[in-house]
Amino acid sequence: MKWKGFLISCVLFLALVGLWVGIAQSGGTSDAVHQGPETLILNSGPMSPSLVPHWKHQEVVDGCAPCHELFPQQRGSVDALKAEGQLKKKQVMNRCLACHKQKTEAGNRTGPVRCRDCHRKELKASKP
């Protein structure tokens, strides 16, 4: 009789642990993916600012390093590094284009490779 109660307790315990792990994995994934603002607007010199769907990149790109090895995950870091001379004028844009073209050549859906698809005229008026 005691063994039956012990066995039921073990089964319930394992079921709860499995449920907890499943919830942690599914919830952890979506929370970890959507970090920072949903959309970024990057200043682009004389061109209109670039609109970057940040969360979409997090869903598609493997980790943060492909973009953030160039600049830290802080608001204004791209502008600051350019002003300090640590980032070249089109270095971030060239990284974006290289990735987008690579994914296109591999047959994957990817982001834009044409100027006006990123540099949006309607954002020019709001550019600081």
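Its first residue numbered 1188, the sequence shown is counted upward by one per residue in this note's numbering. Virtual Cβ for every residue (Gly too), placed ideally from N, Cα, C.
Selection from the options that minimises the alpha carbon distance to residue i
i: V1300; options: P1253, S1237, E1271 and V1247; result: S1237
i: L1227; options: D1249, R1262 and V1247; result: R1262
i: V1248; options: N1230, R1303, T1297 and A1267; result: T1297
i: D1304; options: H1287, E1292 and G1192; result: H1287
i: A1267; options: C1302, L1229, K1189 and F1193; result: L1229
Span of the beta strand (DSSP E), counted from its first residue to its last, around residue i
i: S1237; result: S1237 to V1239
i: L1323; result: This structure cannot settle anything about residue 1323, because the visible part of the chain is limited to 1188 through 1315.
Cβ shell of residue i (< 8 Å), same chain only, five flanking positions each side left out
i: K1276; result: G1232 and K1269
i: S1264; result: F1258
i: A1211; result: Below a pLDDT of 50, predicted positions are generally treated as unreliable, and A1211, at 48, falls in that range; no measurement from the model is reported.
Span of the alpha helix (DSSP H) around residue i
i: L1268; result: S1264 to A1270
i: M1280; result: Q1278 to E1292
i: C1254; result: A1252 to H1255
i: D1304; result: C1302 to C1305
i: L1274; result: Note, L1274: premise wrong, no alpha helix (DSSP H); not H, not E.
Neighbourhood of residue i by C-beta, 6 Å cutoff - its chain only, sequence neighbours within 5 removed
i: W1242; result: H1221 and E1225
i: S1235; result: H1306, R1307, K1308, L1310 and K1311
i: N1295; result: none
i: K1290; result: T1297
i: Q1278; result: none
i: E1271; result: none
Residues of its chain near residue i, where Cβ-Cβ distance is below 7 Å and the 5 sequence neighbours each way are ignored
i: S1217; result: Here S1217 scores only 47 on pLDDT, less than 50, and its place in the model should not be relied on; the value that follows carries that caveat. Contacts found: none.
i: Q1245; result: V1220, H1221 and Q1222
i: P1240; result: T1226
Specify whether the segment 1247-1263 and the segment 1277-1287 touch according to this definition: at least 3 beta carbon pairs, one from each stretch, less than 8 Å apart.
Verdict: yes, contact present.
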